[in-house]
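S.K.:
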Amino acid sequence: MAVIAKRSRVSGPARTKLAVELRREYENGASIRDLMQAYGRSYGFIHQMLTESGTTLRQRGGLQPRHTGR
């Protein structure tokens, strides 16, 4: 896991490396919230990095609203 100081800007090769690392962990089953805690970054930052790296995001988990035939 790359060590990046909180609130520091991530750009260039470090950003690419982090995006690849996050994608690998996400594709191996880690949730965005798991990655948030592990890397000390916000949900939005992790989501953006995964999107930039071309990751296909999983559907959200949890209870889904039941659709009624009204």
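Per my numbering, the sequence shown runs over residues 35 to 104. All C-beta atoms in this analysis are idealised placements derived from N, C-alpha and C, irrespective of residue type, glycine included.
Checking 8 Å against the spacing of the C-beta atoms, do K40 and G78 come in under that value?
M.R.: No; because the gap between Cβ atoms is not below 8 Å, this pair is not in contact.
S.K.: Do V44 and L56 have their C-beta atoms closer together than 8 Å?
M.R.: Result no, Cβ atoms of V44 and L56 do not sit closer than 8 Å.
S.K.: Could I get the ranges of all uninterrupted alpha helix (DSSP H) runs contained in the segment 49-100, with 4 residues as the minimum, in chain order?
M.R.: You should have 66-73, 77-86.
S.K.: Please report the Cβ distance between I80 and L91, rounded to the nearest whole angstrom; I am assuming they are in contact, meaning their Cβ atoms lie under 8 Å.
M.R.: Incorrect: roughly 11 Å between the Cβ atoms, too far for contact.
S.K.: Nearest to I108 by CA position, among G103, Q93, R49, S42, is which residue?
M.R.: The structure shown does not extend to residue 108, since the chain is modelled only from 35 through 104, so no value can be given for it.
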